[in-house]
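Taking it in order: structure first as structure tokens, then the write-up.
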Amino acid sequence: MLYEPREDSRLLAKYAKKYAKGLVLDIGTGSGIQALEAAKKKNVKKVVAVDIQKDVVDYCKEKIKNKKIKFMQSDLFSGVKGRFDTIIFNPPYLPEDVRLKDLTVDGGKKGYEVIERFLNEVSDYLKPNGMVLIIFSSLTKKEKVDEFIETSLLKSKILEKKHIFFEDLYVYLIEKSDLLKGLEKERIKNIKKLTKGHRGIVYIGDYKNKRVIIKKQRPDTKAVAPIKNEIKHLKILNKKGIGPKFLFSNKDYFVYEYIDGLFILDFIKNLANNKKIIRKIINDVFNQCFIMDRLMVDKEEMHHPLKHIIIESKTLKPYLIDFERCHKTKKPKNVTQFSVFLISGHAKSLLKEKGVKIDRDKIIELCKRYKKERSKENLKLILNEIQ
Numbered sequence: 001m002l003y004e005p006r007e008d009s010r011l012l013a014k015y016a017k018k019y020a021k022g023l024v025l026d027i028g029t030g031s032g033i034q035a036l037e038a039a040k041k042k043n044v045k046k047v048v049a050v051d052i053q054k055d056v057v058d059y060c061k062e063k064i065k066n067k068k069i070k071f072m073q074s075d076l077f078s079g080v081k082g083r084f085d086t087i088i089f090n091p092p093y094l095p096e097d098v099r100l101k102d103l104t105v106d107g108g109k110k111g112y113e114v115i116e117r118f119l120n121e122v123s124d125y126l127k128p129n130g131m132v133l134i135i136f137s138s139l140t141k142k143e144k145v146d147e148f149i150e151t152s153l154l155k156s157k158i159l160e161k162k163h164i165f166f167e168d169l170y171v172y173l174i175e176k177s178d179l180l181k182g183l184e185k186e187r188i189k190n191i192k193k194l195t196k197g198h199r200g201i202v203y204i205g206d207y208k209n210k211r212v213i214i215k216k217q218r219p220d221t222k223a224v225a226p227i228k229n230e231i232k233h234l235k236i237l238n239k240k241g242i243g244p245k246f247l248f249s250n251k252d253y254f255v256y257e258y259i260d261g262l263f264i265l266d267f268i269k270n271l272a273n274n275k276k277i278i279r280k281i282i283n284d285v286f287n288q289c290f291i292m293d294r295l296m297v298d299k300e301e302m303h304h305p306l307k308h309i310i311i312e313s314k315t316l317k318p319y320l321i322d323f324e325r326c327h328k329t330k331k332p333k334n335v336t337q338f339s340v341f342l343i344s345g346h347a348k349s350l351l352k353e354k355g356v357k358i359d360r361d362k363i364i365e366l367c368k369r370y371k372k373e374r375s376k377e378n379l380k381l382i383l384n385e386i387q
């Protein structure tokens, strides 16, 4: 079904006429209005115009004769090759409760699913200094579109907002962020935002056929150089077999190997009653804590390490992560903090449920002894109390 140019198409075409350059990709071409506007420009070399509907592509091929434009069938980028200077997209954006049974306007159950797919994939087809021109409606939920842009390490600016009847139309110009350009230059691909912590923002990507984590300092953090501090301590601890493998860094971020697994309590919860495995993991964490104590390095997180210990799914090795608060001290407390964690709250009840017995009073007594002398012998006494 052909989508005749309406207010949204004409509004987007206004900016296609102004901004299109170089190699242009027109996604969801419909009537071909965006492709035609782009092709009129002298600085546009070629336009590839695609649509998911074969009858639309056939119509455009028959009605539009322009040597600069190539029409082809494609579901978003599925049939597209290469990278472009300009990508234009007038997406379907009506949510299910107001939609017609029509691919030209159906944006998915909530109206933004097609846009989400597009933004997840667009960087692979956009040149480093390329741009995206996209229009969408307030019915799509602007905050969700902004979220998808941020998650994909893109940046945007509003070119125009126009109110029409019961909706607002937004025209965005989207580009790659400096971070994304830098990471792609390092040959990291498929980069997505994973989470945001108190001090850093964490992304996940692919590097040399392996999953990696990219960590960048939050611009609004009050902490002093947490990323620089974490890099320093991760390098030190890697030499002792602690932490995920550090790969490389620059002034804005650092990259380390991704650990595929579950956080420690999630792992124990999902594990069939197997005290031997649980005790082995706990002992391994204690040994890593002891090494840090001997190095006079305090991690500062071991009393509540819910998201600081990942159990690798294949080897069942526990990996400590997030060393941004690490610091040198004469009185490190990694072993004692982890001991307190095991005898408190949810950890205590979960271990009891799995048949692991820990005498709280005895552990407290042994921790006091360990604090006076951080020796291997005193550590063994603590380990022996975990039955």
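As numbered in our numbering, residues 1 to 387 make up the sequence shown, in order. For glycine and all other residues, C-beta sits at the position ideal for the given N, C-alpha and C.
- Beta-bridge partners of residue 173 (DSSP): 133 and 157.
- Per DSSP, the unbroken beta strand (DSSP E) holding residue 312 starts and ends at 309–312.
- Residue range 69–73 is occupied by the beta strand (DSSP E) that includes residue 69.
- The straight-line gap separating the alpha-carbon atoms of residue 45 and residue 271 is approximately 59 Å.
- DSSP links residue 163 through a beta bridge to 168.
- Contact between the region 288–303 and the region 332–344 is present, with at least three C-beta pairs closer than 8 Å.
- Around the Cβ of residue 33, a 10 Å sphere holds 16 or more other Cβ atoms; the residue is buried.
- Excluding residues up to 5 positions away in sequence, 339, 343, 382 and 385 lie with their Cβ nearer than 7 Å to the Cβ of residue 363 in the same chain.
- Taking 8 Å as the cut-off, the Cβ atoms of residue 164 and residue 7 count as close.
- With respect to residue 154, residue 179 sits apart: the two C-beta atoms are not nearer than 8 Å.
- About 12 Å separates the beta carbon of residue 264 from that of residue 354, a gap too long to meet the 8 Å contact definition.
- In this structure the region 233–246 does not touch the region 273–284; the number of beta carbon pairs closer than 8 Å is below three.
- In this structure, residue 54 sits away from residue 128, with a CB-CB distance that is not shorter than 8 Å.
- Annotation note: the region 213–254 contains the following uninterrupted beta strand (DSSP E) runs of length 3 or greater, listed N- to C-terminal: 246–249.
- Within the region 263–325, the complete alpha helix (DSSP H) runs of at least 4 residues fall at 264–270 and 275–294.
- In this structure the region 20–31 does not touch the region 137–148; the number of beta carbon pairs closer than 8 Å is below three.
- No residue range can be given for residue 77, since it is assigned to no beta strand (DSSP E) and is classified by DSSP as neither H nor E.
- Residue 278 counts as buried, since no fewer than 16 other beta carbons sit within 10 angstroms of its beta carbon.
- DSSP places residue 51 in the uninterrupted beta strand (DSSP E) bounded by 44–51.
- Using a Cβ distance threshold of 8 Å, residue 159 and residue 171 count as a contacting pair.
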